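Working notes, beginning with the structure itself.
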Amino acid sequence: GSLQRQVGEILLAQISDEDNVTFKAVNLINEGPLPPSTDVDKRVQFSQLNLQVSKQSKESCAFKSAAAFARSGIELLASDKWETQYQLTLELYSILAEMEHALVNVDAAEEICREVMAQPKASIGDKFRVYSVLITIVYGKGRTDEALDLTFDVLDALNCKFPRTTAKQIPMVVREALRMKTTRKGM
Numbered sequence: 001g002s003l004q005r006q007v008g009e010i011l012l013a014q015i016s017d018e019d020n021v022t023f024k025a026v027n028l029i030n031e032g033p034l035p036p037s038t039d040v041d042k043r044v045q046f047s048q049l050n051l052q053v054s055k056q057s058k059e060s061c062a063f064k065s066a067a068a069f070a071r072s073g074i075e076l077l078a079s080d081k082w083e084t085q086y087q088l089t090l091e092l093y094s095i096l097a098e099m100e101h102a103l104v105n106v107d108a109a110e111e112i113c114r115e116v117m118a119q120p121k122a123s124i125g126d127k128f129r130v131y132s133v134l135i136t137i138v139y140g141k142g143r144t145d146e147a148l149d150l151t152f153d154v155l156d157a158l159n160c161k162f163p164r165t166t167a168k169q170i171p172m173v174v175r176e177a178l179r180m181k182t183t184r185k186g187m
């Protein structure tokens, strides 16, 4: 625990920008609990390193590792993270939502998306990544109307006008067309 964290900190202090060593150092740091006396700046630094390694893991298609690093980065931040470390928190939550979705942990991904969307400070641009994940999840769960409503919310926020009533009829028309096609094959 604590020894691994200390070794990780020493490794981190000795390295340049070698990705593999950074990955190992962050892994070691995450294994040991941080003392309660760890200052905020150090916690933010470790959180930023977790984000960096999470992104690298994502690029390598190591989604489980990417999610774990993003989660560790979030856990390192103070409870007022959305107010004090907004951009870092947003990035960690966004990548975590994407990775949980990629790992088919759809309930966890949906919860993370809703946490971001609940932030009053978040613009539509800030929410775009999680909206994309959430719409896919909701649609995949068969909640077509909710997926359409979310899509319209995004379009409205972008000042793109599209008639809601027409679009809401599309799934019904497709279902009816499929039913008719299936009925004809059975004749």
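By the count of the numbering used here, the sequence shown reaches residue 187 at its end, each step adding exactly one. The beta-carbon is built from N, C-alpha and C at its ideal position, and this holds for glycine as well. If you're wondering where the values come from, they're calculated on a predicted model, not measured in any experiment.
Delimiting residues of the alpha helix (DSSP H) encompassing residue i
i, result
"Cys160", "That residue, Cys160, is in no alpha helix (DSSP H); it is neither H nor E in DSSP."
"Ser72", "Phe63 to Leu76"
"Thr89", "Tyr86 to Ala102"
"Gly140", "Ile124 to Gly140"
"Ser60", "That residue, Ser60, is in no alpha helix (DSSP H); it is neither H nor E in DSSP."
Length of the line joining the Cα atoms of residue i and residue j
i, j, result
"Ala66", "Ile124", "24 Å"
"Ser94", "Thr22", "22 Å"
"Phe152", "Pro36", "45 Å"
"Leu76", "Val104", "25 Å"
"Leu51", "Cys61", "15 Å"
"Arg179", "Tyr139", "20 Å"
"Arg143", "Thr38", "45 Å"
Close beta carbons around residue i, own chain, < 8 Å, minus the five adjacent residues each side
i, result
"Phe128", "Val154"
"Ala157", "Ile124"
"Ala122", "Leu90 and Val116"
Residues near residue i in its chain [Cβ-Cβ closer than 7 Å; skip 5 each side]
i, result
"Ala109", "Ala97, Glu100, His101, Val133 and Ile137"
"Ser54", "Ala66, Phe69, Ala70, Gly73 and Ile95"
"Arg164", "Phe152"
"Ile135", "Ala147, Leu150 and Thr151"
"Gln85", "Val44 and Leu77"
"Lys64", "Leu103"
Closest residue to residue i among the options (Cα-Cα distance)
i, options, result
"Ser79", "Ala62, Thr183, Ala157 and Val44", "Val44"
"Leu49", "Arg114, Leu92 and Ala122", "Leu92"
"Asn30", "Val130, Gln52 and Phe69", "Phe69"
"Asp126", "Thr89, Arg164 and Lys141", "Thr89"
"Arg71", "Phe46, Glu83 and Thr144", "Phe46"
"Pro120", "Ile135, Val106, Glu83 and Thr144", "Glu83"
"Lys24", "Thr38, Asp39 and Ser57", "Ser57"
"Tyr131", "Arg114, Gly142 and Asn159", "Arg114"
"Asp107", "Lys141, Ala118, Gln87 and Thr183", "Lys141"
"Val40", "Leu28, Lys81 and Asn27", "Lys81"
Backbone secondary structure at residue i - three-state DSSP
i, result
"Thr118", "It is worth fixing the name first, because residue 118 is Ala in this sequence and not Thr. Three-state DSSP puts Ala118 in coil, outside helix and strand."
"Arg143", "coil"
"Leu34", "coil"
"Asp80", "coil"
"Asp39", "coil"
"Asn105", "coil"
Same chain only: Cβ atoms within 6 Å of residue i, ignoring 5 sequence neighbours per side
i, result
"Leu34", "none"
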